[in-house]
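In my numbering, the protein residues as written are 1353 to 1578.
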């Protein structure tokens, strides 16, 4: 199976700032391009961090208040205090940046986003140079894949090349990414394996195997005939 790589989904024209970019310039770039975060790069376009609206708002939260106003946010951590007092991107950014590689699959990238709790990832090459950015919305694009294309991959790659089943062994129907499998297998134990493999095909939303039958229940002691 050929899982989609994120270099086919990512945005290649990425707006970034250099480490010495001043606070107001960062705010201007965020506003002009309507983004919420920017990669921070060095002179050779290597990613050294990411600066976001949240990073900039720490400065606002740490501003002294006038009499009668609500108090400023108390007891900031040392690193938060340093950011609040920073004036350049390299002082305000979060580092190191959480990055992905162009050859990662959608599943690998989505897993890292989930673990890190982020909505987008900077994409870098082997030398950590900026090559793109990928968002959750980009990854969801695989679910716009054509049903016929999904079915073709299931029949040819999963059932044919991987499981070595005859092309006519099973009937595969795909509608809006939902896969329905029907037909007769030799062993019952094949069903969970087929379900798992079909579910990993890019663009598959769900898999139904209720119409699959079998000759022998190899999961039961001694084996039984269906």
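For each residue, glycine too, the CB sits at the ideal point set by N, CA and C.
Problem - Inter-residue spacing [alpha-carbon to alpha-carbon] between residue 1569 and residue 1357 - result: In the chain shown, the residue the question calls residue 1569 occupies position 217. In the chain shown, the residue the question calls residue 1357 occupies position 5. If you take the alpha carbons of residue 1569 and residue 1357, they lie about 38 Å apart.
Problem - Distance CB(residue 1531)-CB(residue 1556) smaller than 7 Å - result: Within the chain shown, the letter at position 179 stands for residue 1531. Within the chain shown, the letter at position 204 stands for residue 1556. Yes, they are a contact pair.
Exercise for the section: Assess, as a yes-or-no matter, whether the segment 1441–1455 is touched by the segment 1470–1478 under the definition of 3 or more beta carbon pairs within less than 8 Å. Expected result: yes
Problem - Residue span of the alpha helix (DSSP H) that contains residue 1460, given as start and end - result: Against the chain shown, residue 1460 aligns to sequence position 108. Looking at the DSSP string, the run of the alpha helix (DSSP H) that includes residue 1460 is 1458–1468.
Practice task
Give the straight-line distance between the Cα atoms of residue 1565 and residue 1522, rounded to the nearest whole angstrom.
Solution key: Here residue 1565 corresponds to residue number 213 of the chain shown, with the count starting at 1. Here residue 1522 corresponds to residue number 170 of the chain shown, with the count starting at 1. Roughly 10 Å between the two C-alpha positions.
Handout entry: For residue 1364 and residue 1484, believed in contact at Cβ under 8 Å, the rounded distance
Key = In the chain shown, counting from the first residue as 1, residue 1484 sits at position 132. In the chain shown, counting from the first residue as 1, residue 1364 sits at position 12. Residue 1484 to residue 1364, Cβ: 5 Å. Contact.
Exercise for the section: Tell me whether residue 1431 is buried or exposed, calling it buried when 16 or more other Cβ atoms sit within 10 Å of its Cβ. Expected result: Taking the chain shown and counting its residues from 1, one reaches residue 1431 at position 79. Note that residue 1431 scores a pLDDT of 48, beneath 50, so its modelled location is shaky and nothing firm can be said.
Exercise for the section: Let me know if residue 1571 comes out buried or exposed under the rule of 16 or more other beta-carbons within 10 Å of its beta-carbon. Expected result: Numbered from its first residue, the chain shown carries residue 1571 at position 219. Answer is exposed; the Cβ neighbour count stays below 16.
Exercise for the section: Report the residue from 1540, 1366, 1480 and 1482 whose alpha carbon sits nearest the alpha carbon of residue 1382. Expected result: Stepping through the chain shown from its first residue, residue 1382 is reached at position 30. The shortest Cα separation from residue 1382 among 1540, 1366, 1480 and 1482 belongs to 1366.
Exercise for the section: Name the residue from 1486, 1457, 1481 and 1469 whose alpha carbon lies nearest to the alpha carbon of residue 1387. Expected result: Counting from one through the chain shown, the residue named residue 1387 turns up at place 35. Here the closest residue by C-alpha is 1486.
Practice task
Can you have a look at residue 1410 and say buried or exposed, based on whether 16 or more other CB atoms are within 10 angstroms of its CB?
Solution key: Within the chain shown, residue 1410 is the residue found at index 58, counting from 1. Label assigned to residue 1410: buried.
Exercise for the section: Quickly, what does DSSP pair residue 1495 with across the bridge? List them, please. Expected result: Walking along the chain shown from the start, residue 1495 turns up at place 143. Residue 1495 pairs with nothing; no bridge assigned.
Problem - residue 1377 - containing alpha helix (DSSP H), residue span - result: Translated into the one-based positions of the chain shown, residue 1377 becomes position 25. 1375–1385 is the span of the alpha helix (DSSP H), which, as asked, contains residue 1377.
Exercise for the section: Go through its chain and collect everything with a Cβ distance to residue 1528's Cβ below 8 Å, but skip five positions before and after it. Expected result: Within the chain shown, residue 1528 is the residue found at index 176, counting from 1. Answer for residue 1528: 1499 and 1557, listed in chain order.
Problem - Opening and closing residue of the beta strand (DSSP E) in which residue 1563 lies - result: Position 211 of the chain shown holds residue 1563. Note, residue 1563: beta strand (DSSP E), 1558–1569.
Exercise for the section: Quick one: using the 10 Å Cβ neighbour count with 16 as the cut-off for buried, is residue 1567 buried or exposed? Expected result: One-based indexing of the chain shown puts residue 1567 at position 215. With fewer than 16 other Cβ atoms within 10 Å, it is exposed.
Handout entry: beta strand (DSSP E) runs wholly inside the segment 1529–1556, at least 3 long, in chain order
Key = 1530–1539
Exercise for the section: Note down the Cα distance separating residue 1456 from residue 1548, rounded to an integer number of angstroms. Expected result: Start at 1 with the first residue of the chain shown, and residue 1456 comes out as number 104. Start at 1 with the first residue of the chain shown, and residue 1548 comes out as number 196. Their backbone Cα atoms lie some 20 Å apart in a straight line.
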